[in-house]
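Reminder that position 299 of the sequence shown reads as 303 in our numbering, one-by-one numbering, no gaps.
Everything below concerns the one structure shown next.
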Amino acid sequence: MDFFIDNLAIISRQWPEIAQKLTRSHFDVSQIELVKDEELSLVFDKIQVASSYNQSEEARLQISQLPINTPNVTLYGTGLGVVQSTLLESTHLKRLNVMVFNLSLFKASLTYFDHKEWLSDPRINLSLPQDTNKVETPFIALPAELELSTNSSAHIRDRLCLALDNDYIEQSQGILNTALQQKIMGNIDCIAKEKDVSELFSTDLNTSSKTDYIVCAAGPSLAVHINWLKQSATRKKFTIIGVDTAVKSLVKAGVIPDIIVSIDANDKGSFDGLDGDIFINTPLVYFPVVKSDLLSFWQGPKYTAYSMSQLYNTVNELYPRGRLYCCGSVIHPSIDLSVKMGAKKVLLLGADFSFPGNKIHTPYKNSPEEVTSQQTAEQTKHWVINGENERVPTLLCYRGYLRDLEDYIALTKGVDFYNGSSKGALIKGTSIKGATSWEKR
5 MDFFIDNLAI
15 ISRQWPEIAQ
25 KLTRSHFDVS
35 QIELVKDEEL
45 SLVFDKIQVA
55 SSYNQSEEAR
65 LQISQLPINT
75 PNVTLYGTGL
85 GVVQSTLLES
95 THLKRLNVMV
105 FNLSLFKASL
115 TYFDHKEWLS
125 DPRINLSLPQ
135 DTNKVETPFI
145 ALPAELELST
155 NSSAHIRDRL
165 CLALDNDYIE
175 QSQGILNTAL
185 QQKIMGNIDC
195 IAKEKDVSEL
205 FSTDLNTSSK
215 TDYIVCAAGP
225 SLAVHINWLK
235 QSATRKKFTI
245 IGVDTAVKSL
255 VKAGVIPDII
265 VSIDANDKGS
275 FDGLDGDIFI
285 NTPLVYFPVV
295 KSDLLSFWQG
305 PKYTAYSMSQ
315 LYNTVNELYP
325 RGRLYCCGSV
335 IHPSIDLSVK
345 MGAKKVLLLG
355 ADFSFPGNKI
365 HTPYKNSPEE
375 VTSQQTAEQT
385 KHWVINGENE
395 RVPTLLCYRG
405 YLRDLEDYIA
415 LTKGVDFYNG
425 SSKGALIKGT
435 SIKGATSWEK
445 R
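The following block contains the structure:
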């Protein structure tokens, strides 16, 4: 039986814009499969949308994660309508916001399943993914639809994944992580005697004439800009900040950044094989969870920094140091450092957050990373949209780093951000400019 016309009639009355887009949307019969065990369910693009055994119990399990008797709920995804109908059984519910994640999937569901009851409820508000970064709480995110997100819903999908992982992130990176606390205490002597990163921050007494900064991350697109970075004119005009994972590629090409940032407690040899003497004049900005071997290796000045995490609250009472924004990736504090040093324009190179060309990092010549990177890129199921509106493979954590960077950029006023490549992830809040064209502006 085809339910689409009756379902669409309700949507047309209440949400005509969505109805128009549904009418124009399309799904192919090859994308769908109807499966029935105890109950009829839908498989879309090889992902089963809901249980085929007990959909009501599945819905109640998802709803059980919400606060009791909450008056407002946002549901990300439409499913087969069972979650909506179950939520609406509560007299405490005053508003149910339902966001359509995939129009083609929704159209298929409207075709094969009767949604009239919940669509007709006056407490329902139906919406499409807009250009918003905010995750409304409390919420339910339907797992199948996170997997079936479209290009237009990818940004909110990533933020939902961050929200769902928040408790784990807090536990693994927070004050209760005894392993990280031990690493900090193992570096306490270095913290005590080395410089404070805030000494680098721009003040009335410490203002650099350079306000144009380059932050070099380790993404594959960095390789395109290496020759330009080597030019003396570039070095005179820009302050170059390099993340630790990019250093080996930069140094092999003859580029030593003006400042290097390292934060990783589990760094896998970013400086292996390099001569420490070449960094004798290069400041290292580090979080004190880094390996003690790195601090011993470093011949140049060292500046201690903390993130905003509660992890550093105890050591900050003993040795107060400047704090840098960080949500897991070394590129976050590197960019925040440039801003705190007085940057007015920041160019991001190698900030791909993805695997353009099936490569993870800019590998130095004959690096074994080249093979490993290609294998990882081919195996991952995750993706982001790049600057050319194409899907490029990535990792789940990279998606999170990207969205956290976008949040930072949105909150940072008075600084223009540029992305040196359209091949990597599209970074909201940046303009895509090739390195040389950015210089000529």
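Where a beta carbon is used, it is the ideal one built from N, C-alpha and C, also for glycine.
Proximity of the region 386-399 to the region 318-333 falls short of the contact definition, fewer than three beta-carbon pairs being nearer than 8 angstroms. Around the beta carbon of residue 273, fewer than 16 other beta carbons lie within 10 angstroms, which makes this residue exposed.
Taking each of 338, 347, 112 and 330 in turn and checking the Cα distance to residue 8, the smallest one comes out for 112. DSSP places residue 401 inside the alpha helix (DSSP H), whose first and last residues are 400-415. In this structure, residue 388 lies near residue 158, with their beta-carbon atoms less than 8 angstroms apart. The region 343-354 makes contact with the region 212-223: 3 or more CB pairs, one atom from each, lie closer than 8 angstroms. Per DSSP, reduced to three states, the secondary structure at residue 246 is strand. For the set 124, 75 and 126, the Cα lying nearest the Cα of residue 142 is the one of 75.
Approximately 18 angstroms separates the beta-carbon atoms of residue 66 and residue 160; this is outside 8 angstroms, ruling out the contact.
Scanning 149, 30, 190 and 136 for the CA closest to the CA of residue 295 turns up 190. Taking C-alpha positions only, residue 43 is separated from residue 84 by approximately 12 angstroms. Straight across, the Cα-Cα distance linking residue 47 with residue 37 is about 5 angstroms. Spatial neighbours of residue 316 in its own chain (CB-CB distance under 6 angstroms, excluding positions within 5 residues in sequence) are listed in chain order as 310. By alpha-carbon distance to residue 255, the top candidate from 28, 231, 268 and 267 is 231. At a Cβ-Cβ threshold of 8 angstroms, residue 201 and residue 286 do not count as neighbours. For residue 282, the secondary structure class from DSSP, reduced to helix, strand or coil, is helix. Per DSSP, reduced to three states, the secondary structure at residue 360 is helical. Counting along the chain, residue 331 sits inside no alpha helix (DSSP H), nor does DSSP assign it H or E at all. The Cβ atoms of residue 336 and residue 288 lie no closer than 8 angstroms to each other. Residue 79 and residue 391 have their C-alpha atoms some 29 angstroms from each other. DSSP places residue 189 inside the alpha helix (DSSP H), whose first and last residues are 182-190. Within the region 145-169, the complete alpha helix (DSSP H) segments of 4 residues or longer fall at 147-151 and 158-168, listed in chain order. The beta-bridge partner set that DSSP reports for residue 220 consists of 246 and 353.
At a Cβ-Cβ threshold of 8 angstroms, residue 68 and residue 101 do not count as neighbours. As DSSP reads the structure, residue 137 sits in no beta bridge.
Annotated three-state conformation of residue 17 is helix, per DSSP. A residue is called buried once 16 or more other Cβ atoms fall within 10 Å of its Cβ, and residue 28, having fewer, is exposed. Residue 326 places its beta carbon less than 8 angstroms from that of residue 205. Inclusion of residue 421 and residue 328 in the CB contact set at 8 angstroms is not warranted, their separation being larger than that value. Contact between residue 86 and residue 54 holds: their C-beta atoms lie close to 6 angstroms from each other, under 8 angstroms.
Residues of the same chain with a CB within less than 7 angstroms of the CB of residue 19, apart from the 5 flanking positions on each side, are 130 in chain order. Here DSSP, grouped into helix, strand and coil, assigns residue 129 to strand. Each residue's CA atom was taken as its position, placing residue 290 and residue 267 some 6 angstroms apart. With respect to the C-alpha of residue 110, the residue from 95, 163, 35 and 170 having the closest C-alpha is 35.
Taking the Cα of residue 252 as reference, the smallest distance to any Cα among 12, 15, 52 and 277 is reached at 277.
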